[in-house]
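**Q**
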Amino acid sequence: MFYPDSVAKADGADLKLRTLEKVWIQGRLRMWGRWATFGKSSEAPGILSTLIAEPTVSKAALKRAMTQLKKTGLNEAELLAFFEEMQSMQAVSNLTFCTDDEGLKMNRVIADVLSRDRGLLNILRDHYCYRRKRYPMAEDLHEKHPEISLITCRRRIDTWLNTAEYMLYKPMYEAFRK
0 MFYPDSVAKA DGADLKLRTL EKVWIQGRLR MWGRWATFGK SSEAPGILST
50 LIAEPTVSKA ALKRAMTQLK KTGLNEAELL AFFEEMQSMQ AVSNLTFCTD
100 DEGLKMNRVI ADVLSRDRGL LNILRDHYCY RRKRYPMAED LHEKHPEISL
150 ITCRRRIDTW LNTAEYMLYK PMYEAFRK
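Using numbering that gives the first Met the number 0, the first residue of the sequence shown is number 0, and each one after it goes up by one.
Right, here's the structure in full:
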């Protein structure tokens, strides 16, 4: 099949990532979000990795991990968000966590690209670090600006996230290709 790089006028309407590019950048951003959330404690990824490595997780192992994670300084909302995400995943891959080197590299790229646009950075952080869904983000925007319809808010959140992903794809890809 033939996949041209650009098939439309250069008016900006064709600035979309292809499916594999979108999957790749979203996977990297999810890893960065977990790293940024659990990165404030150096023991957290190790505790979670040992828990995930077991074929079945017992209640005792889960309680022990929860206790250890609470001691590291993570709050209950962050733990609950992570375990809900783990539960919803059908198969846990090795892309659940990234190393500190990878996390720092992603953080550097994100900071370089989005340094002048705090709004996009905040939306990206809300979605990938705090795991907020697009619809609640749109509802919050609609509450702040009731003159804008909810569907318009939803479209704006979608557009802003897609724009941030598009802006980050090439620099992130280049950083990991080296």
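Even for Gly, the Cβ is constructed at its ideal location relative to N, Cα and C.
1) Would you say the beta carbon of K70 is closer than 7 angstroms to some non-hydrogen atom of the ligand ZN?
2) Checking contacts by CB at 8 angstroms: is R117 closer than that to chain B?
3) At what residue ranges does the stretch 12 to 38 contain a whole run of the beta strand (DSSP E), taking only runs of 3 or more?
4) Please go through the stretch 128 to 156 and give each complete alpha helix (DSSP H) segment of 4 or more residues, from N-terminal end onward.
5) What does the alpha-carbon distance come out to for the pair K169 and A59?
6) From the DSSP output, in three-state form, read off T158 for me.
7) Considering only the beta carbon of each residue, do R29 and Y129 sit closer than 8 angstroms?
8) Take every Cβ of the stretch 139 to 157, pair it with every Cβ of the stretch 100 to 107, and state whether three or more of those distances are shorter than 8 angstroms.
9) Would you call the CB atoms of E164 and L16 closer than 8 angstroms?
10) Leaving aside the five residues before and after Q89 along the sequence, list all residues of the same chain whose C-beta is less than 8 angstroms from its C-beta, in chain order.
11) At the level of alpha carbons, what is the spacing between Q25 and N121?
12) What do you reckon, are the CB atoms on I109 and L167 nearer than 8 angstroms?
**A** According to the structure shown:
1) Ligands displayed in this structure: none; no statement on the ligand ZN is therefore possible.
2) Here chain B cannot be found, since the structure has a single protein chain.
3) none
4) 133 to 143
5) 44 angstroms
6) helix
7) no
8) no
9) yes
10) Here the model assigns Q89 a pLDDT of 47, short of 50, so the residue's position is not dependable and the matter cannot be decided.
11) 16 angstroms
12) yes
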